[in-house]
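Written below as structure tokens is the structure these notes are about.
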Amino acid sequence: MLAPARPAGRTVRLLAAVLLAVAAPLVVADPAAAAGCGRAGDPAPATPPWAQTRLAPDAVWPLTRGAGTTVAVIDSGVSATHPALRGKVLRGHDLGFAERFGRCDEAGHGTMVAGIIAGRQTEGSTFAGIAPDALILPVRVLRTTDRNFDQQLPVRIANAIRWAVDNGAGVINLSLETVPTSELAAAVNYAVAHRVVVVAAAGNQEQGTQRDQPAFPAGYRPVLAVAGVDQQDKHVDTSISGDYIDVAAPGLQIVAPAPGGGFFTEAEGGTSFAAAYVSGVAALVKSYYPDLPVQDVVNRIVATADNPPEGRTQEAGYGVVNPYRAVTAILGGRENVPAGTLPEPEDTDDSLAGARTAAAIAVVAALVLTALILMARPILRRGRERGWRAGPASRS
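The following block contains the structure:
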């Protein structure tokens, strides 16, 4: 169940949008933003959260920790005062609320998402985000997880995407769901056209039900759509399935920073947190390959995922993301590798062809020399027996 200070209940569907359990400004201190902006959670976990252990981002940290990458969190706001996020939350923007630079998170959801993406490990805590040197650009479009019938919300989300692109985001995390609109589709395309990776939660459903329509913005083609899995890499029942799912990440029993300090535990999880893990991986890839086109970043994340045994599925896409492989794999410019298969050997210019030819000649020469030695042994033996005297001439 949720930590006592967490707003009660599973994240709730909204009519127009649902907040799912779904050049950059300078980082400056803003103590006023913390006043009345979110409650405290429980003490830091004694052991790393299972999701952190499962994804093992620390394996790739010697190569990259996400430095130089800014991740926009379009959500309920992000606390700038939590120790795991202090000094990492840029001055963002509020859409539809009094301007507090995106740093007021009454719901706690956006802070959890930001912590998963870029939280740093602090003294006395085992928690760490996927890309702890990345920066967070908060854009608040929702205040709470209560039902909201504001039909302007999709417009605010679209405007938030454009604002994030124009203010230095390299990755945009959308842990929310809304109805598809032309404005939203255009905003997503605007982001991709400006070399920004867009990651979105696949969406949640009531347990035991199955929605037959994709969630948006995850359902848009340029978006990296993320489903949720449990500790056994099994599909979380509340995670929506569909052909639009690209990859999966932990989406159950989630532990992450609370806006007032400490940590919330979201037992029921949600694809919103799964999306945050993938946004962290995208930040690592963008940091290590700063000039990589958006589609290549997406392809790298998809192609290096831990493929399901049965191949690509509607529940988990190409599988659970793998931060280490996403950064280190040598893909050679291949397109996405189908899940559950091994790629055929690639044709190359074979710069070692000369060396291979020389090696083959050496092997043949060695075989010939060995044969000559074996043929000569009887002759040499007879010569020694005769004291190397000439034998009688043969008669014709």
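Per mature numbering (1 follows the signal peptide of the UniProt record, and there is no 0): the sequence shown = residues -29 to -1, 1 to 367. Glycine included, C-beta positions come from ideal geometry on N, C-alpha and C. No experiment lies behind these values; they were computed from the predicted model shown.
query	result
Neighbourhood of Pro151 by C-beta, 6 Å cutoff - its chain only, sequence neighbours within 5 removed	Phe187
Bridge-paired residues (DSSP) for Glu94	DSSP output for Glu94 lists no bridge partner at all.
Backbone secondary structure at Ile128 - three-state DSSP	helix
Buried or exposed (CB count within 10 angstroms, at least 16 for buried), Arg192	exposed
C-alpha distance - Ala78 paired with Gly303, whole-angstrom precision	44 Å
Beta bridge counterpart(s) of residue 370 as assigned by DSSP	Not covered by the structure: residue 370. The range shown for the chain is -29 to 367.
Where the beta strand (DSSP E) containing Arg111 begins and where it ends	Leu106 to Arg111
Assigned exposure category for Ala364 - 16 Cβ within 10 Å defines buried	The predicted position of Ala364 is uncertain, since its pLDDT is 42 and thus under 50; no value can be drawn from it.
Neighbourhood of Thr41 by C-beta distance below 8 Å, restricted to the same chain and skipping five residues each side	Ala(-6), Leu61, Ala105, Leu106, Ile107, Leu108, Gly139, Ala140, Gly141 and Val142
Best match in Arg283, Gly282, Ala254 and Arg271 for proximity to Thr299 [C-alpha to C-alpha]	Arg271
Collapsed DSSP secondary structure at Ala78 in the structure displayed	coil
Bridge partners - Ala245, DSSP secondary structure assignment	DSSP, once it has assigned bridges, lists no residue as partnering Ala245.
Whole-angstrom C-beta distance between Arg74 and Ala51, which should lie under 8 Å	5 Å
Secondary structure of Asp137, DSSP reduced to three states	helix
Cβ pair Thr242, Val197 closer than 8 Å	yes
Per DSSP, the bridge partner or partners of Glu237	Ile225
From Gly290, Arg36, Pro16 and Arg25, residue whose alpha carbon lies closest to that of Asp217	Gly290
For Val298: DSSP bridge partner residues	In DSSP, Val298 forms no bridge with anything.
For Gly251, the three-state DSSP class (helix, strand or coil)	helix
Start-to-end residues for the beta strand (DSSP E) that takes in Leu263	First-last for Leu263: undefined, no H or E at that position.
Ile216 (DSSP reduced to helix, strand or coil)	coil
Same chain, Cβ closer than 7 Å to Asp259, five either side skipped, listed in chain order	The amino acid at residue 259 is misidentified as Asp; the sequence shows Tyr. Around Tyr259: Leu34, Thr35 and Val298.
Whole-Å CB distance - Ala220 paired with Val249, under 8 Å assumed	5 Å
Beta-carbon spacing of Ala55, Gly90 below 8 Å	yes
For Ile87, the three-state DSSP class (helix, strand or coil)	helix
Supposed contact pair Ser146 and Val84 - C-beta distance, whole angstroms, cut 8 Å	5 Å
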